[in-house]
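Novice: Under the working numbering, the sequence shown has 369 at position 340, and the numbering climbs by one with no breaks. Think of the CB as a built atom: it goes at the ideal place given N, C-alpha and C, for glycine as much as any other residue.
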Amino acid sequence: MFDLNNLIRKNIKNLAPYSSARDEYSGEAKVYLDANENSLGSPLVRWYNRYPDPYQWKVKEAVSAIKNISPRNIFLGNGSDECIDILYRTFCNPGQDNVIICPPTYGMYEVSANINDIEVRVAPLLNDFQLNLAHIETLIDEHTKIIWICSPNNPTGNSLNRNDIETVLNNFSGIVAIDEAYINFSRQKSFLQELNEYPNLVVLQTFSKAWGLAGLRLGMAFASEEMIRIFNKVKPPYNINQATQDLALKALQENGQVVDMIKEIVAMREALKEVFERMPVVEKVYPSDANFLLVKINDAHKVYEFLLTKGIVVRDRSRVLLCENCLRITVGTEQENTELVDALGEWISQLAQS
Ligand SMILES: Cc1ncc(COP(=O)(O)O)c(C=O)c1O
C-alpha cells in the first residue's frame, strides 16, 4: 500500500522550511523594505532588483491552462534535472535506500543517485527496448523508493508499453517517476491525466525539448498536491529566476507556434528515417517517438569522427548497453538535415572507393 508519509525521509518530514521575505508577505505593497534587495534598481531592466515569486504562480497558471492540471499539482525546477534531484532529496535516505533504473536510459537518474549516495539497481530494457517487469520485480525490497521510467526513452526514442507502466504503477508502493521529456513528439498519450488515479505517480516534463527553451532551464514535475507541498519545502527558496519566469510566460502565450514546430520536427524525423533506411551502411533505424533517431550503423565511431570533420556533431552511443554501433541523431533544421545526409553520402562513396 502506498503511504506518502512512510516514504518521505524523516528529516524532510520534520523540516521547518526556510521562510523567505516573500513567504512572510506575499501581497502587494507600495514600499518593499523587507528583503535586502537594492531599492535603487539594477544595471539591467529595473524589475530584476526584486526577488522572484518563490512559487511561480503566474507560470504555473499558464501551464495549468495548457495541460489541464491544477497549479497546485505543479512543481517547477531549474530544468527537469532539478526535479530529478529533488525526488532523491525528498524520498531517499543516503547510504540506505535504493532506486531502480532501466538502461539504456537518461544518465541523470544514476548520476543524481550517486551524488545523493543512493544505491542504483539496474533492470536493463529487453532487446525490444521495453521494460523487463519480471526483473524489476526481483529488485524491489523495502528500501526501494523510486522506479525511473523514461517514455519516450532517451537514447532509444521509443515509448514504453502503457500496460507495462500501469503494471508498475499498480504494484509498486514507492514512487513511479515517469520522465516525459519527449512526450510532445510521441504518438502515445501522456500519464498526466492519471495523477488522481495513482498517488505514487510523478510525471516529469520540460521546456527544453518541444518548447525550444533548453537555455532557460525550466522543468516541470506533476504530482499530488501533498507531494508538491513537500517539494516546495525542500527546494531553494527562489529556484526559478525572474528572467526565466518572464520569458516562460511569454512563450506559453505562443502554444500554437510550438504545435507547428512539433509537427515540422515529427515530419522531418520520419523523412530522415526513410533516408537513413535506404543507406547501405545503416543496419537499423529504431522507431522514434522523440525528436531524435537512434541509428545502428557500421563502424559507428568512425562515422561519428567523419561527421566531426564536416562540422557535424551527433551523439555516439556505441558504448551504451544494447546500443552497440549506434548514433543518436537529433532532428535538425531542413538545411542541417540535408548537410548531415550529404555528409553521410560522402562517407558511403569514400567507402565504396576504398
Ligand atoms: C529524458 C530526459 N529527461 C530530462 C532531461 C533534462 O531536461 P532539462 O533540460 O529539463 O533538465 C533530458 C535531456 O536531455 C532527457 O533526455
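Who are the near neighbours of W86 in its chain, counting only those whose CB is closer than 7 Å to its CB and skipping five residues on each side?
Specialist: Within the same chain, W86 has close Cβ partners P100.
Novice: Following a CB-centred definition, is T359 positioned closer than 6 Å to any heavy atom of ligand 1?
Specialist: For ligand 1, not one heavy atom lies less than 6 Å from the Cβ of T359.
Novice: Measure the C-alpha to C-alpha separation of Q282 and E306 and round it to an integer number of angstroms.
Specialist: Near 38 Å, if we compare the C-alpha coordinates of E306 and Q282.
Novice: Whole-angstrom Cβ separation of I291 and F214, contact assumed at under 8 Å?
Specialist: I291 to F214, Cβ: 6 Å. Contact.
Novice: Would you tell me roughly how many angstroms separate the C-alpha atoms of N43 and E209, rounded to the nearest one?
Specialist: Taking the straight line joining both Cα atoms gives about 31 Å.
Novice: Per DSSP, what kind of secondary structure is R191 in: helix, strand or coil?
Specialist: Helix.
Novice: Taking the DSSP output, what are the residues bridged to R357?
Specialist: Looking at the DSSP assignment, R357 forms a beta bridge with L323, R344.
Novice: Check whether the Cβ atoms of G248 and C121 lie closer than 7 Å to each other.
Specialist: No, Cβ-Cβ distance for G248 and C121 is not below 7 Å.
Novice: Of all the beta strand (DSSP E) runs that stay within the bounds of the region 128-162, which reach a length of 3 or more residues?
Specialist: 148-151, all fully within the region 128-162.
Novice: When burial is assigned at 16 or more other CB atoms within 10 Å of the CB, is I259 buried or exposed?
Specialist: Classification for I259: buried.
Novice: Cβ-heavy atom distance between S237 and ligand 1 below 6 Å?
Specialist: Yes, since a heavy atom of ligand 1 falls inside the 6 Å radius drawn around the Cβ of S237.
Novice: Can Y117 be considered in contact with ligand 1, in the sense that its beta carbon sits closer than 6 Å to one or more heavy atoms?
Specialist: No.
Novice: From this set, Q271, L168, P266, N366, which residue's C-alpha is nearest E299's C-alpha?
Specialist: Checking every option, the nearest Cα to that of E299 belongs to N366.
Novice: How far does the beta strand (DSSP E) with C112 in it reach, from first residue to last?
Specialist: No beta strand (DSSP E) holds C112; the alpha helix (DSSP H) holding it covers 109-120.
Novice: Roughly how many whole angstroms lie between the Cα atoms of L168 and E375?
Specialist: L168 and E375: Cα-Cα distance of roughly 47 Å.
Novice: Specify, as a first and last residue, the run of the alpha helix (DSSP H) that V92 falls within.
Specialist: From DSSP, the alpha helix (DSSP H) with V92 extends over 86-96.
Novice: Output the distance between the C-alpha atoms of L198 and A64, rounded to the nearest integer angstrom.
Specialist: So the two alpha carbons sit approximately 43 Å from each other.
Novice: Which runs of the beta strand (DSSP E) spanning at least 3 residues fall entirely within the region 203-230, listed in chain order?
Specialist: Complete beta strand (DSSP E) runs here, min 3: 204-208.
Novice: Using only the heavy atoms of ligand 1, determine whether one of them is closer than 6 Å to the beta carbon of A142.
Specialist: Answer for A142: no, Cβ out of range of ligand 1.
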